[in-house]
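Below is one structure; the comments refer to it alone.
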Amino acid sequence: MEVLSAQGAPNEKRVPNKDWKMDVNRTLQYTRWTLEILGVWALVKKNPKKWEIYGSRILTMMYSMLIVSITIPCTIHLIFKEKDIVERVETCGPIAFSITNLLKYYSIIYRRKMIKRCIEHVEDDWMEIVTKNDREIMRKRVSFGIDVTIVCAVFMYGGGLLYNMILPLSHGNGINEFNETVRPLAYPGYDIFGNPQISPTYEIIFYSNFFSSCIMYTVTTASCNLAAIFVTHTCGQIEIMMSRLETIFQKTDDDKEILENRIDLIVKSHIRVLRLTSMIEMMLREICFVEVTASLVVICVVEYYCVKKWNDGETVGIITYVALLISMIFNVFVFCQFGELLKEQCYQIGRAVYMIDWYRLPGKTGVSLVMIIAMANCPRRLTAGKIMELSMNSFGDILKTSFAYLNMLRTVAD
């Protein structure tokens with residue numbers, strides 16, 4: 034079958050991408066790493082072994098208990114012990130963040146079949162890459178998704194390290210009402226179950242908190258990675274389609290059969306893109322809903338403590354909470370930006386079809402392209418639980434709402 038490359042030169046024989054395995058490994062490298070850490074990769078890869086499945090279940094249970102080991106003490110401390118309104122506000126942040134990541138973790142596991150289908154779709158797309166230029170388009174798009182994943186991980190782990198290690202240690206040891214030395218912990222509430230200050234109890238709690246936090250940061254990074262990699266892959270496929278549309282009449286000599294073959298390839302590519310975008314939206318639906326809903330609380334609390342630490346003149350506290358605020362806002366921005374990007378790229382397909390020289394299409398050859406224009410008028414979107422569309426407008430609304438809550442919180446707390 035004749036194929037039109039991104040450069041416009043038709044190939045008489047379609048040659049599959051010989052380096053597709055290397056391209057797939059590069060595309061899914063960080064997806065595999067993060068999901069392996071979370072014990073989910075065995076659930077989404079092809080032909081997993083039994084011991085991998087059992088290991089995945091054990092890791093899932095262990096990580097869930099580690100996250101809950103932060104949530105429960107903080108919640109009990111908030112409800113039954115802490116009376117100071119400012120301290121109660123600070124405790125709300127870790128509680129909301131841990132619950133959010135536990136729900137996102139379960140959402141990833143719940144959508145494991147959809148993730149697996151998306152991975153298989155990506156593999157098939159890479160196998161079907163025809164020309165060097167098409168491959169460069171895809172690699173460029175994927176590189177952007179990888180860069181977003183790295184930035185997300187740096188912000189998340191950087192802010193988390195400051196919050197869990199540097200900030201508590203910067204406060205130093207304190208003295209309680211019994212004139213006993215109190216060593217710092219990142220999260221409160223462990224004194225309800227016993228004395229957390231004795232060794233090795235203190236060390237166990239301190240490092241288990243750090244490990245639990247790393248799991249939560251990995252969940253956040255994995256969620257951003259799923260959106261970044263699959264959406265950028267889709268955008269690469271769309272860009273290849275548009276390049277084929279732009280050069281659809283090159284070297285055809287107005288041959289009807291050649292044009293029909295090229296249109297057939299474009300229509301099939303569009304169908305595959307629509308199928309992939311539907312799977313991406315379904316895969317990220319619950320994750321986006323949890324992220325958007327919880328971000329209103331978490332961002333508001335972090336904003337409040339940025340202001341408080343600034344007023345108190347605590348340098349380490351300011352740096353820590355500003356880093357956390359940047360990472361939280363960036364996470365929401367990633368989902369909203371890729372939702373906007375996906376929507377815009379789907380619109381671009383319709384524009385590209387509309388801009389070709391229709392008058393040169395013989396007979397009813399171009400009827401198939403009319404459906405592409407019709408579908409482009411109803412572009413695919415990322416949604417938060419099918420309730421709110423994720424776009425840059427919604428990102429602005431989220432930030433404005435968080436600032437409104439911040440003003441309310443400052444009025445109540447101060």
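Quick note: the sequence shown uses my numbering, first residue 34, plus one each step. All C-beta atoms, glycine included, are put in the ideal place defined by N, C-alpha and C. Keep in mind the model is a prediction, meaning the values are calculated, not measured.
query                                                                                                       : result
CA-to-CA distance, arginine 414 to valine 306, given in whole angstroms                                     : 13 Å
Range covered by the alpha helix (DSSP H) that runs through isoleucine 339                                  : The sequence as given places cysteine at residue 339; isoleucine does not occur at that position. First-last of the alpha helix (DSSP H) with cysteine 339: 289-345.
Length of the line joining the Cα atoms of phenylalanine 263 and phenylalanine 226                          : 44 Å
First and last residue of the uninterrupted alpha helix (DSSP H) at alanine 385                             : 348-387
The region 410-429 contacting the region 319-336, beta-carbon criterion three pairs below 8 Å               : yes
Alpha-carbon to alpha-carbon, valine 400 and valine 187                                                     : 49 Å
Residue range of the unbroken alpha helix (DSSP H) whose run includes tyrosine 96                           : 83-109
Enclosing alpha helix (DSSP H) for cysteine 125 [first to last residue]                                     : 118-143
Threonine 164, DSSP secondary structure in three states                                                     : coil
Lysine 397 versus tryptophan 391: straight-line alpha-carbon distance, rounded                              : 11 Å
Straight-line Cα distance separating proline 217 from glutamine 230                                         : 9 Å
Per-residue burial, glutamate 169 [other beta carbons within 10 Å of its own, 16 or more giving buried]     : exposed
Pairwise C-alpha distance: isoleucine 183 and threonine 67                                                  : 11 Å
For isoleucine 389, the nearest candidate out of Leu298, Gln283 and Val340 (CA to CA)                       : Gln283
Residue from Val386, Gly372, Thr124 and Tyr387 whose Cα sits closest to the Cα of lysine 311                : Before going further, note that residue 311 is serine rather than lysine in the sequence given. Of the candidates Val386, Gly372, Thr124 and Tyr387, the one whose C-alpha sits nearest the C-alpha of serine 311 is Gly372.
Where the alpha helix (DSSP H) containing threonine 267 begins and where it ends                            : 234-279
Supposed contact pair valine 175 and glycine 269 - C-beta distance, whole angstroms, cut 8 Å                : 7 Å
Same chain, Cβ closer than 7 Å to serine 360, neighbours up to 5 away in sequence not counted               : Phe188, Met189 and Gly192
8 Å contact criterion, which tyrosine 63 and asparagine 258 should meet: CB distance rounded                : 5 Å
Nearest candidate by alpha-carbon position, reference leucine 357, set Gly429, Gly126, Ile142 and Ile112    : Gly126
Alpha helix (DSSP H) segment containing tryptophan 53, residue limits                                       : 53-60
Between the CA atoms of proline 81 and phenylalanine 431 - distance to the nearest angstrom                 : Before going on, a small fix: residue 431 reads as isoleucine here, not phenylalanine. If I take the Cα positions, the gap works out to 40 Å.
Cutoff 8 Å; reference isoleucine 271; Cβ partners in own chain excluding five residues on either side       : Val306, Gln378, Cys379, Gln381 and Ile382
Rounded C-alpha distance that separates methionine 395 from asparagine 294                                  : According to the sequence provided, residue 395 is proline. The question's methionine does not apply to it. Roughly 13 Å between the two C-alpha positions.
Alpha-carbon to alpha-carbon, isoleucine 141 and methionine 94                                              : 14 Å
Neighbourhood of threonine 265 by C-beta, 7 Å cutoff - its chain only, sequence neighbours within 5 removed : Arg174, Val175, Phe177 and Gly178
Burial state of histidine 110, where buried means 16 or more other Cβ atoms lie within 10 Å                 : buried
Residue interval of the alpha helix (DSSP H) (run including alanine 409)                                    : 400-409
Endpoints, the alpha helix (DSSP H) within which alanine 75 is located                                      : 74-77
Sub-8 Å separation of leucine 317 and alanine 260 beta-carbons                                              : yes
Extent of the continuous alpha helix (DSSP H) run through serine 203                                        : 200-204
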